[in-house]
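Protein chains: 2
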Amino acid sequence: MGEAVGEIVHNKQIIFKGYIDGTPKETDMELKLGSTIKLEAPKGSSLILVKNLYLSCDPYMRGRMRNFHGSYIPPFVPGSVIEGLGVSKVLDSDDPNFKPGDIVSGLTGWEEYSLIHKNDHLRKVESDSIPLSYYTGLLGMPGFTAYAGFFEVCGPKKGDYVFVSAASGAVGQLVGQFAKLNGCYVVGSAGSGQKVDLLKNKLGFDDAFNYKEEADLDAVLKRVFPQGIDIYFDNVGGSMLEAVLLNMRIHGRIGVCGMVSQHSLSDPKGTRNLFHLVIKRVRMQGFLQRDYLHLYPKFLEDVSGLYKQGKITYLEDMDQGLENGPSAFVGLFSGKNVGKKVICVAHE
Amino acid sequence: MGEAVGEIVHNKQIIFKGYIDGTPKETDMELKLGSTIKLEAPKGSSLILVKNLYLSCDPYMRGRMRNFHGSYIPPFVPGSVIEGLGVSKVLDSDDPNFKPGDIVSGLTGWEEYSLIHKNDHLRKVESDSIPLSYYTGLLGMPGFTAYAGFFEVCGPKKGDYVFVSAASGAVGQLVGQFAKLNGCYVVGSAGSGQKVDLLKNKLGFDDAFNYKEEADLDAVLKRVFPQGIDIYFDNVGGSMLEAVLLNMRIHGRIGVCGMVSQHSLSDPKGTRNLFHLVIKRVRMQGFLQRDYLHLYPKFLEDVSGLYKQGKITYLEDMDQGLENGPSAFVGLFSGKNVGKKVICVAHE
């Protein structure tokens with residue numbers, strides 16, 4: 001587009017309005033058209049000025065909409081632009097590690113242009129045959145979450161029976177494919193017939209079911225896993241976790257990645273059947289990809305290699321335009337997205 | 001007492017009447033006076049005939065009173081004598097590994113004399129300066145549960161903040177002492193002022209509280225662990241576990257030994273706050289001592305050594321007479337016992 005360094009331009013932004021309870025709504029965010037920004041990284045600031053290309057919609061962002069400071073990441077600031085992961089192009093840089101034209105992935109703002117303060121978390125993206133937007137998914141935080149969570153937390157062995165919830169999502173679709181590549185038997189749950197079809201016919205899952213059509217989750221798990229479950233990669237918590245606990249095998253492992261069904265930290269219902277952890281000697285482990293960052297280079301090499309060889313596929317669900325960010329994000333919590341949800345703000 | 005091999009004698013027994021729901025009652029068991037037994041291990045049977053000395057009352061036995069076959073040990077048989085761990089003296093043996101006069105510990109019956117079929121699980125007790133009844137506690141299943149659970153499952157490090165529930169019980173009192181011997185800070189919860197006093201003044205816990213006097217378990221945990229909890233050795237489940245989840249430190253570990261508060265497998269209430277497993281990257285692991293039996297010889301050597309050196313103490317709560325078995329067992333579930341509950345059936 002030929003932005004000139006030093007130019008003052010309009011900068012559309014998505015603003016976080018204030019702390020919420022329950023499921024996010026579009027009205028919790030606001031499109032702000034009136035801002036301007038000088039396309040410059042001030043001398044002596046160590047900052048970089050980027051143009052945002054792709055913004056990532058991730059369920060963990062829901063946690064930042066709550067006024068709770070005991071988590072691993074602080075809450076959003078009401079009235080400020082939403083922060084999220086994205087892929088951006090450097091326009092100006094006062095940091096010697098980055099130069100104009102570099103493509104970077106990491107934390108940025110939900111706006112057209114951002115002055116980035118947290119440069120130390122940014123990764124430079126080497127251009128190759130992989131779509132840039134995939135650095136918010138396959139090769140970004142969700143992909144690495146799947147990789148670290150499945151291999152490091154769940155400890156898979158060949159022949160293990162693996163169950164993945166939210167299995168067509170940004171993380172789940174990769175967990176299932178990693179499991180298949182490692183000789184496991186994999187079943188996924190998802191929330192529509194279209195997603196079930198994708199799991200079985202495009203992503204290579206051995207079986208899949210639509211949890212919204214099953215009145216008795218224990219019964220469906222007994223049907224698809226008559227032998228029981230060795231590994232449960234949990235993205236949803238709640239009643240699915242309760243049913244899984246009844247079907248775990250001895251020495252099974254539950255990797256707790258997320259609990260998208262649990263919108264409130266106080267979780268009024270609670271999870272039953274935990275005593276089955278003892279009966280079956282199950283290890284249930286919460287994890288965050290950030291604890292495994294030493295493995296990121298290996299992940300990048302392994303997974304981009306698998307992708308280039310055609311051994312892994314990745315479903316992406318892209319919306320065009322920053323102004324569609326709120327609806328894209330909100331849709332995550334009703335399962336509207338099919339695959340990894342991304343907003344394209346601008347093409348390179 | 002000079003029983004003669006081949007003699008036919010009266011054999012008092014405690015009979016399991018039938019499957020139950022909820023908390024056990026004395027009337028779920030029955031003292032049967034009319035049985036007789038021939039004090040003989042029949043030739044060719046490979047059985048051994050023992051005189052029972054000490055019988056162990058353990059919370060896990062509650063699980064055998066339920067008609068549920070998916071657990072690690074089958075249910076009791078209605079109308080049959082109750083099976084449990086104990087210390088017994090061999091009167092006659094058709095198994096070359098045991099001879100009359102041997103003291104054995106392992107599964108036996110709640111009766112005066114038992115013909116034992118499961119010899120392969122029996123351990124011979126070498127007589128030394130340790131009371132024989134301690135082979136149902138300190139040096140038996142509860143002691144080994146504490147040892148394997150704390151060292152193998154909870155992975156303690158020097159300086160860790162350790163919380164133990166049911167801390168004066170057969171298992172908890174040892175977990176706390178193991179933790180202190182390993183340089184941890186240890187707090188226990190128990191259900192009476194007397195128990196709290198014992199924890200602080202006899203068992204060496206750094207602090208202790210009576211959970212029955214605390215309306216807000218989260219608040220009391222924040223008071224005794226302002227820095228949070230690294231290790232929770234869970235004997236109770238329920239609302240204490242919910243409060244602990246709010247107070248775990250990053251990379252904390254929860255060893256789930258039992259959930260004595262959860263009398264019903266269906267657990268209608270459920271456990272809230274599980275999402276804190278993710279926020280704090282906590283590992284929660286159910287375990288059974290039987291998975292660690294390769295460590296039993298080392299445990300026996302370590303713990304009997306510590307005991308003989310006076311570095312470990314053990315609280316035992318003994319009732320005299322088989323007829324008091326049902327009340328002793330039932331008392332476990334209201335916390336009547338102070339320390340390991342044992343029934344003395346006969347002195348050696």
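As given, the protein sequences belong to chains A and B, one line each in that order. Quick note on the UniProt record's numbering: the first sequence kicks off at 1 and runs consecutively. Quick note on the UniProt record's numbering: the second sequence kicks off at 1 and runs consecutively. Idealized CB from N, CA, C, for every residue including glycine.
Alpha carbon to alpha carbon, what distance is there between residue j and residue i?
i: leucine 39 of chain A; j: valine 77 of chain A; result: 24 Å
i: asparagine 337 of chain A; j: threonine 271 of chain A; result: 27 Å
i: leucine 47 of chain B; j: glycine 6 of chain B; result: 14 Å
i: phenylalanine 144 of chain B; j: threonine 108 of chain B; result: 18 Å
i: serine 334 of chain B; j: alanine 328 of chain B; result: 11 Å
i: tyrosine 314 of chain A; j: phenylalanine 205 of chain A; result: 13 Å
i: valine 81 of chain B; j: phenylalanine 151 of chain A; result: 48 Å
i: threonine 36 of chain B; j: valine 50 of chain B; result: 14 Å
i: valine 256 of chain B; j: lysine 269 of chain B; result: 18 Å
i: threonine 136 of chain B; j: asparagine 235 of chain B; result: 18 Å
i: residue 349 of chain A; j: tyrosine 161 of chain A; result: Past the boundaries of the shown model lies residue 349 of chain A; chain A is included only from 1 to 348, so the question cannot be answered.
i: asparagine 97 of chain A; j: glutamine 309 of chain A; result: 31 Å
i: serine 133 of chain A; j: leucine 139 of chain A; result: 9 Å
i: glycine 86 of chain B; j: aspartate 302 of chain B; result: 22 Å
i: leucine 174 of chain B; j: alanine 146 of chain B; result: 6 Å
i: alanine 243 of chain B; j: glycine 258 of chain A; result: 20 Å
i: serine 239 of chain A; j: proline 24 of chain A; result: 21 Å
i: glycine 321 of chain B; j: tyrosine 54 of chain B; result: 10 Å
i: glycine 44 of chain A; j: leucine 295 of chain A; result: 33 Å
i: arginine 66 of chain B; j: alanine 215 of chain A; result: 27 Å
i: asparagine 324 of chain B; j: phenylalanine 275 of chain B; result: 44 Å
i: lysine 341 of chain A; j: glycine 237 of chain B; result: 38 Å
i: arginine 223 of chain A; j: leucine 217 of chain A; result: 10 Å
Return helix, strand or coil for residue i, following the three-state DSSP convention.
i: residue 351 of chain A; result: Past the edges of chain A, shown from 1 to 348, lies residue 351 of chain A, and the structure says nothing about it.
i: glutamate 301 of chain A; result: helix
i: asparagine 210 of chain A; result: strand
i: tyrosine 292 of chain B; result: helix
i: leucine 199 of chain A; result: helix
i: isoleucine 103 of chain A; result: strand
i: lysine 308 of chain B; result: helix
i: lysine 38 of chain A; result: strand
i: isoleucine 82 of chain A; result: coil
i: leucine 91 of chain A; result: strand
i: valine 282 of chain A; result: coil
i: tyrosine 314 of chain B; result: coil
i: tyrosine 113 of chain B; result: strand
i: glutamate 3 of chain A; result: coil
i: lysine 43 of chain B; result: coil
i: valine 220 of chain A; result: helix
i: histidine 10 of chain A; result: strand
i: leucine 31 of chain B; result: strand
Out of the options, state which residue places its alpha-carbon closest to the alpha-carbon of residue i.
i: glutamate 213 of chain A; options: A:Gly193, A:Gln227, A:Leu138 and A:Arg283; result: A:Gly193
i: phenylalanine 209 of chain B; options: B:Pro226, B:Gly191 and B:Leu203; result: B:Gly191
i: alanine 41 of chain B; options: B:Gln285, B:Leu91 and B:Val303; result: B:Leu91
i: lysine 157 of chain A; options: A:Asp230, A:Glu26, A:Leu277 and A:Met61; result: A:Asp230
i: histidine 117 of chain B; options: B:Ser127, B:Lys124 and B:Gly106; result: B:Gly106
i: glycine 84 of chain B; options: B:Phe68, B:His69 and B:Met61; result: B:Met61
i: alanine 148 of chain A; options: A:Phe287, A:Gly325, A:Asn324 and A:Pro100; result: A:Phe287
i: isoleucine 14 of chain B; options: B:Val153, B:Glu30, B:Arg64 and B:Met318; result: B:Glu30
i: aspartate 102 of chain B; options: B:Gln285, B:Ser88, B:Glu112 and B:Tyr113; result: B:Ser88
i: lysine 180 of chain A; options: A:Lys32, A:Asp207 and A:Val196; result: A:Asp207
i: glutamine 227 of chain B; options: B:Met248, B:Tyr211, B:Asp234 and B:Asp216; result: B:Met248
i: lysine 17 of chain A; options: A:Ala167, A:Asp197, A:Gly159 and A:Gly79; result: A:Gly79
i: valine 345 of chain A; options: A:Trp110, A:Ser165 and A:Phe178; result: A:Trp110
i: aspartate 291 of chain A; options: B:Asp291, B:Ile279 and B:Leu300; result: B:Ile279
i: glycine 176 of chain B; options: B:Leu221, B:Leu199 and B:Gly63; result: B:Leu199
i: valine 330 of chain A; options: A:Lys32, A:Ser56, A:Arg223 and A:Ile8; result: A:Ser56
Less than 7 Å separating the Cβ of residue i from some heavy atom of the ligand NAP?
i: asparagine 67 of chain B; result: As for the ligand NAP, it is missing from this structure, which has no ligand bound.
Contiguous alpha helix (DSSP H) assignments of at least 4 residues, all confined to the stretch 231 to 260 of chain B: 238 to 245
Length-filtered (4 minimum) alpha helix (DSSP H) runs lying within the stretch 317 to 343 of chain B: Fully enclosed alpha helix (DSSP H) runs of 4 or longer: 325 to 331.
4 or more residues per run - each alpha helix (DSSP H) lying fully within the stretch 117 to 197 of chain B: 141 to 147 and 172 to 181
Contact residues within the stretch 276 to 305 of chain B, judged by C-beta distance below 8 Å to chain A: His276, Leu277, Val278, Ile279, Lys280, Arg281, Val282, Arg283, Met284, Gln285, Gly286, Phe287, Leu288 and Asp291
Cβ-based contacts, 9 Å cut-off: residues of the stretch 21 to 35 of chain B near chain A: none
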